[in-house]
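Counting from 410, one number per residue, gives the positions in the sequence shown under my numbering. Encoded as structure tokens, the structure appears first; notes follow it.
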Amino acid sequence: MPRISEFSGIIIEMFHNEHGVPHFHAKHGEYKAIVGIEPVQLLAGRLPRREESLVIEWARLRQSELLANWTRGRSLASMVRVDPPA
410 MPRISEFSGI IIEMFHNEHG VPHFHAKHGE YKAIVGIEPV QLLAGRLPRR EESLVIEWAR
470 LRQSELLANW TRGRSLASMV RVDPPA
């Protein structure tokens, strides 16, 4: 699974040829979550409160880039890195 971003100890990954609604995977230590892209929302799993807030805020700011990566991944094209929060 390609790592598309990393910040504040959070790893953001997205599978190639994934099914279901557009989403990405966020990991922080032992915590794992699946986050929807459109709309941006927690779909499954959990993260600590602070990290969940960071991921949701970041995804809202980078929503178009995340959707573009989702499209690339569905066609098995290479995904690009998405900048971490400033």
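Each residue gets a CB set at the ideal place from its N, CA and C atoms; glycine is no exception. As the structure is a computational prediction, the values presented were derived from the model and not from experiment.
Point to revise | R471 beta carbon less than 9 Å from that of S414 | key: Yes.
Check your understanding: Which residue comes first and which comes last in the beta strand (DSSP E) that contains L476?
Key -> That residue, L476, is in no beta strand (DSSP E); its alpha helix (DSSP H) goes 472-483.
Check your understanding: Thinking just about the alpha-carbon of each residue, which of A495, S462, P448 is nearest to the one in L476?
Key -> The shortest CA-to-CA distance from L476 to any of A495, S462, P448 is the one to P448.
Check your understanding: In this structure, what does DSSP give as the bridge partners for H434?
Key -> For H434, the beta-bridge partners assigned by DSSP are E422, I443.
Review point. By a C-beta neighbour count over all protein chains shown, 10 Å radius and 16 as the cutoff for buried, is A453 buried or exposed?
Key: Classification of A453: exposed, given that the 10 Å Cβ count is below 16.
Check your understanding: Start and end of the beta strand (DSSP E) containing R455?
Key -> R455 -> beta strand (DSSP E) spans 449-455.
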